[in-house]
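> Here it is, the structure, as structure tokens.
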Amino acid sequence: MRLLILGTLLCLSTAMSAQILNDEINVLWRVTEAFANFDDDFNEEEYTLTFGTSTTAAISNHSLCYFMDGESSASFIPSTITNSVNTNVPFTSEFYIGLRAWEDDGGERCTYDDGDDVFYLGLARISGETVPGTGRSSRWLTNTGNQGAECVGDALLPPISNLYNFCYRVIWRHVNGNTFNDPLAFGNIVSLGQRNHFNSNRQTAEPTGVPEATQYGNQYGDPSPDVYYVFSIDEDRENVVISTDHDYTDFDTRLYLLDANGDLLVENDDVSGNNRKSRIERSLCAGTYYVVVEGFDVERGDFQLSVEASGFLAPVEATATITNASCDGEIDGVISVNASDGVAPYTYRLFNAELESLGSFNQTIDNLSANTTYFYQVVDACGQTTSAQSFTVGVTDTEDPVAVCVGATITLPDGTVDSPFSASEISQLGARSTDNCGVTDVELFPNVISASAGDTLFAYELIVYDGMGNSDSEICFINLIVTTTSVTQLPALDAALTAYPNPTSSALTVSIEDFPISTGVLSIRDLQGRTIIQRSLNHTGPNWSAQLDLATYPAGIYTLQVTTPEGQLTRRIVRQ
């Protein structure tokens with residue numbers, strides 16, 4: 005009995021250990037074609053081949069038995085020479101596929117008869133760590149196998165012998181990496197540390213199908229198969245680079261970076277232009293992150309994934325630009341905060357003067373009250389915070405008010421000297437003046453009025469101010485009606501008459517007590533001297549009162565006058 009042992013290593017160059025923590029694989033092998041009697045040394049017509057697998061060269065169980073007939077040589081394409089999936093195989097392990105073959109001289113064909121049959125044993129050894137540090141490799145996943153001269157289309161390896169041969173295909177993938185909840189793990193990546201992994205998302209079309217355990221499926225992004233990885237960093241890092249931009253990568257990749265909850269942080273299709281490889285570079289907080297490697301659209305192939313972390317983050321900093329409110333009392337102030345360093349995205353917090361939280365906002369915070377103190381604070385994605393910085397929203401108003409004169413007529417007795425304007429009268433005389441933020445103060449100069457017979461006008465300077473101290477002035481005139489000295493002003497009537505409330509917004513009550521009037525007239529005139537209300541005072545008796553309705557008349561200064569044969573009395577009334 006002749007025995008031929010052939011060990012075939014699939015790795016064609018220096019091996020590189022996987023830099024992942026869970027590097028076990030699932031393996032499936034298939035015989036795709038078998039041959040007998042290539043050299044025509046035997047002319048028997050019956051050939052028997054059995055196949056088995058083992059983790060050692062001593063394959064004791066060849067349970068898959070097939071036979072063929074041929075005059076001088078024969079081959080066949082089997083359809084069921086497939087082992088079950090070997091699961092959780094160490095990546096660095098070796099296992100063997102064995103062919104035990106003989107020319108059958110009769111008898112039970114799947115039972116070897118050492119007296120009659122001519123026997124051969126061929127072994128193909130398959131080894132892990134098939135990925136070299138540089139260059140291409142014979143990947144388990146990319147259809148490798150022994151073959152003879154007629155076994156065309158698979159790996160170009162020498163036949164087991166000239167008498168018997170078989171073509172096999174090995175399909176595998178890592179046990180982990182098929183889902184988000186079961187990723188390939190790089191573990192913790194320290195500063196200036198880099199992890200690499202060589203893998204593939206290829207899917208192999210087989211006539212009888214391929215079990216899911218031996219190739220990756222699609223759950224994320226494009227229709228191509230996905231491979232999931234997980235890594236962690238124990239400190240905030242300024243620069244983390246995740247890349248398939250390596251010579252080993254041979255297809256159009258797409259990368260996704262997810263947070264610990266599976267939410268997308270960033271993705272990349274092409275590094276630049278149309279180079280077909282992917283790269284993500286950004287700052288990251290301490291924590292756990294997931295990477296999904298897939299192909300653009302339905303692309304598949306081999307890839308090298310690297311993850312590298314470097315640098316420590318500078319503390320987050322913030323500066324602010326404040327836009328004051330337009331007017332005192334307005335709530336249109338704005339602060340724009342610019343954060344730097346740390347890790348984006350940033351959260352912006354606002355506090356009142358007592359450091360009570362007013363909530364979180366976007367980078368620009370508006371609707372802030374004029375002349376109010378606030379505090380702001382920035383928190384980066386890693387939880388770093390700036391100290392609370394105070395700021396005050398002022399008022400920016402450089403626009404002057406506009407002083408506008410009010411046409412007014414006042415009746416005064418002859419000889420009036422320095423009669424002061426009341427606060428209500430001053431307010432009414434400035435009522436038509438305007439300001440973008442509102443007039444806050446009105447002054448008259450002089451602020452007293454005098455009158456004598458023949459006077460028809462009184463000149464004064466109207467000065468108006470706004471809340472920022474901006475001012476404007478205008479020279480205005482009051483029309484005078486001066487009563488002559490022939491009309492006596494009655495002090496007793498002045499003491500007896502009351503008019504209230506003054507100022508009034510509607511009704512004015514006029515009352516005369518202990519002053520009988522035999523004949524007389526009460527009238528109210530507006531600033532233009534027109535009589536708007538008039539009442540007869542004939543035979544009033546010692547006491548008289550009336551309620552006069554001013555609600556329908558515009559706000560302004562009015563003159564109340566009582567005229568009797570004995571003399572007269574005038575009062576200024578303000579309608580608010």
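Heads up, the sequence shown is in my numbering, so the first residue is 5 and it goes up one at a time.
For glycine and all other residues, C-beta sits at the position ideal for the given N, C-alpha and C.
Here the structure is a predicted model, which is why all the values come from computation and not from measurement.
1) Look at the alpha carbon of Ala-385 and the alpha carbon of Tyr-352, and state the distance between them as a whole number of angstroms.
2) Give the straight-line distance between the Cα atoms of Ala-457 and Val-421, rounded to the nearest whole angstrom.
3) Which value, in whole angstroms, describes the spacing of the CA atoms of Leu-448 and Ser-510?
4) With DSSP as the reference, label Leu-372 as helix, strand or coil.
5) May I have the straight-line CA-CA distance separating Gly-333 from Gly-471, to the nearest angstrom?
6) Are Ala-374 and Gly-337 closer than 9 Å when you measure CB to CB?
7) Grouping DSSP H, G and I as helix and E and B as strand, with all else coil, what is Ile-63?
8) Considering only C-alpha positions, which residue in the set Val-383, Ala-555 and Pro-520 is nearest to Glu-570?
9) Quick one, are the C-beta atoms of Val-245 and Arg-199 less than 9 Å apart?
10) Alpha carbon to alpha carbon, what distance is there between Leu-512 and Leu-541?
11) Report all residues from its chain with a CB closer than 6 Å to the CB of Ile-516; omit the five preceding and five following residues, and keep chain order.
12) How should Phe-307 be labelled, buried or exposed, when 16 other C-beta atoms within 10 angstroms of its C-beta is the threshold for buried?
13) I'd like to check one pair, Asn-185 with Glu-216: are the Cβ atoms closer than 9 Å?
14) Name the two residues that bound the continuous beta strand (DSSP E) containing Ala-496.
15) As a quick exercise: from Ser-437, Gly-387 and Thr-400, pick the residue whose alpha carbon is nearest that of Ala-407.
16) Below 8 Å, is the gap between the Cβ of Ser-330 and the nearest heavy atom of the ligand NAP?
17) Among the candidates Pro-187, Leu-573 and Phe-170, whose CA atom is the shortest distance from the CA of Leu-416?
18) In whole angstroms, what is the alpha-carbon distance linking Arg-241 and Asn-26?
19) What span of residues does the beta strand (DSSP E) with Ala-40 cover, start to end?
20) What does the Cβ neighbour count give for Thr-390, buried or exposed, with the cut at 16 atoms within 10 Å?
21) With a cut-off of 8 Å on the beta carbons, I'd call Leu-372 and Ile-414 a contact; round off their distance for me.
22) Could you check what DSSP says for Ile-479 in three-state terms: helix, strand or coil?
23) Span of the beta strand (DSSP E) holding Ile-430?
24) If you draw a straight line from the alpha carbon of Asp-249 to that of Val-297, how long is it in whole angstroms?
25) In three-state DSSP terms, what is Glu-242?
26) How big is the Cα-Cα spacing for Glu-107 and Arg-113?
27) Does DSSP classify Thr-444 as helix, strand or coil?
28) Quick check on the burial criterion: 16 or more other C-beta atoms within 10 angstroms. Buried or exposed for Leu-268?
29) Could you check what DSSP says for Pro-569 in three-state terms: helix, strand or coil?
30) Return the bridge partner residues of Asp-186 from the DSSP annotation.
31) Which residue marks the beginning of the beta strand (DSSP E) containing Phe-202, and which one marks its end?
32) Express the C-alpha separation of Pro-319 and Asn-278 in angstroms, rounding to a whole number.
33) Ala-105: which of Thr-52, Asp-73, Gly-111 and Ser-64 sits nearest, CA to CA?
34) Am I right that Leu-494 and Ser-477 are in contact with their C-beta atoms under 8 Å? What's the rounded C-beta distance?
35) Nearest-angstrom Cα distance between Ala-343 and Arg-286?
36) By the three-class DSSP mapping on this structure, what secondary structure does Glu-403 have?
So, to answer that:
1) Here residue 385 refers to the residue found at position 381 of the sequence shown. Here residue 352 refers to the residue found at position 348 of the sequence shown. For Ala-385 and Tyr-352, the distance between alpha carbons rounds to 11 Å.
2) Counting from 1 along the sequence shown, the entry for residue 457 is found at position 453. Counting from 1 along the sequence shown, the entry for residue 421 is found at position 417. Distance between the alpha carbons of Ala-457 and Val-421: 12 Å.
3) Taking the first residue of the sequence shown as 1, we reach residue 448 at position 444. Taking the first residue of the sequence shown as 1, we reach residue 510 at position 506. Near 26 Å, if we compare the C-alpha coordinates of Ser-510 and Leu-448.
4) Sequence index remark: in the sequence shown, residue 372 carries index 368 (1-based). Residue state for Leu-372 is assigned as strand, using DSSP reduced to three classes.
5) Residue mapping note: residue 333 aligns to position 329 of the sequence shown, counting from 1. Residue mapping note: residue 471 aligns to position 467 of the sequence shown, counting from 1. Rounded to whole angstroms, Gly-333 to Gly-471 spans 10 Å at the Cα level.
6) For the purposes of this step, residue 374 is taken as the residue at position 370 of the sequence shown. For the purposes of this step, residue 337 is taken as the residue at position 333 of the sequence shown. Contact check for Ala-374 against Gly-337 passes: the beta carbons are separated by less than 9 Å.
7) By one-based count along the sequence shown, residue 63 stands at place 59. It is coil, neither helix nor strand.
8) By 1-based counting over the sequence shown, the position of residue 570 is 566. Selected option, being the one with the closest Cα: Pro-520.
9) Position 241 of the sequence shown, counted from the first residue, corresponds to residue 245. Position 195 of the sequence shown, counted from the first residue, corresponds to residue 199. At the C-beta level, Val-245 and Arg-199 stay beyond 9 Å of one another.
10) Locating residue 541 in the sequence shown gives position 537, where the first residue counts as 1. Locating residue 512 in the sequence shown gives position 508, where the first residue counts as 1. C-alpha separation (whole angstroms): 17 Å.
11) Residue 516 sits at position 512 when you count from the first residue of the sequence shown. Shown here for Ile-516: same chain residues with a beta carbon closer than 6 Å to its own, the five before and five after excluded, namely Ala-500, Leu-501 and Trp-548 in chain order.
12) Looking up residue 307 in the sequence shown gives position 303. That one is buried.
13) Residue mapping note: residue 216 aligns to position 212 of the sequence shown, counting from 1. Residue mapping note: residue 185 aligns to position 181 of the sequence shown, counting from 1. No, the pair does not count as a contact, with Cβ atoms beyond the cut-off.
14) Here residue 496 is taken as the residue at index 492 of the sequence shown, counted from 1. Element bounds for Ala-496: not the beta strand (DSSP E) but the alpha helix (DSSP H), 495–500.
15) Position 403 of the sequence shown, counting from 1, holds the residue named residue 407. Checking every option, the nearest Cα to that of Ala-407 belongs to Ser-437.
16) Of the ligands one can find in the structure shown there are none, so the ligand NAP has no counterpart to examine.
17) In the sequence shown, residue 416 corresponds to position 412, counting from 1. Comparing Cα-Cα distances from Leu-416 to each of Pro-187, Leu-573 and Phe-170, the minimum goes to Leu-573.
18) By one-based count along the sequence shown, residue 241 stands at place 237. By one-based count along the sequence shown, residue 26 stands at place 22. Between Arg-241 and Asn-26, the C-alpha separation is close to 25 Å.
19) Indexing the sequence shown from 1 puts residue 40 at position 36. Residue range 29–40 is occupied by the beta strand (DSSP E) that includes Ala-40.
20) Taking the first residue of the sequence shown as position 1, residue 390 is located at position 386. Per the 10 Å Cβ criterion, buried.
21) Your numbering for residue 372 matches position 368 in the sequence shown. Your numbering for residue 414 matches position 410 in the sequence shown. About 46 Å separates the two Cβ atoms, so there is no contact after all.
22) Within the sequence shown, residue 479 is the residue found at index 475, counting from 1. Residue state, collapsed to three classes: strand.
23) Position 426 of the sequence shown, counted from the start, is the residue given in the question as residue 430. It is not in any beta strand (DSSP E) - Ile-430 instead sits in the alpha helix (DSSP H) that spans 427–433.
24) Walking along the sequence shown from the start, residue 249 turns up at place 245. Walking along the sequence shown from the start, residue 297 turns up at place 293. Straight-line Cα distance between these residues: approximately 12 Å.
25) For this step, residue 242 is matched to residue 238 along the sequence shown. In the structure shown, Glu-242 sits in a strand (DSSP, three-state: E or B).
26) If you number the sequence shown from 1, residue 107 lands on position 103. If you number the sequence shown from 1, residue 113 lands on position 109. Approximately 9 Å, taken between the alpha carbons.
27) On the sequence shown, residue 444 is found 440 positions in, with the first residue counted as 1. Three-state DSSP puts Thr-444 in coil, outside helix and strand.
28) As a first step, residue 268 is located in the sequence shown; it is residue number 264 there, counting from the start. Exposed, by the Cβ-count rule.
29) If you number the sequence shown from 1, residue 569 lands on position 565. Correct three-state label for Pro-569: coil.
30) Against the sequence shown, residue 186 aligns to sequence position 182. DSSP output for Asp-186 lists Thr-183 as bridge partner(s).
31) Stepping through the sequence shown from its first residue, residue 202 is reached at position 198. Unbroken beta strand (DSSP E) run through Phe-202: 197–204.
32) Translated into the one-based positions of the sequence shown, residue 278 becomes position 274. Translated into the one-based positions of the sequence shown, residue 319 becomes position 315. Between Asn-278 and Pro-319, the alpha-carbon positions lie close to 37 Å from each other.
33) The sequence position of residue 105 within the sequence shown is 101, counting from 1. Nearest option by C-alpha distance: Thr-52.
34) If you number the sequence shown from 1, residue 494 lands on position 490. If you number the sequence shown from 1, residue 477 lands on position 473. Their Cβ separation, rounded to whole angstroms, is 39 Å, which puts Leu-494 and Ser-477 out of contact at 8 Å.
35) The residue labelled residue 343 in the question sits at position 339 within the sequence shown. The residue labelled residue 286 in the question sits at position 282 within the sequence shown. Answer to the nearest angstrom: the Cα atoms are 16 Å apart.
36) As a position in the sequence shown, residue 403 is number 399, starting the count at 1. Coil, per DSSP.
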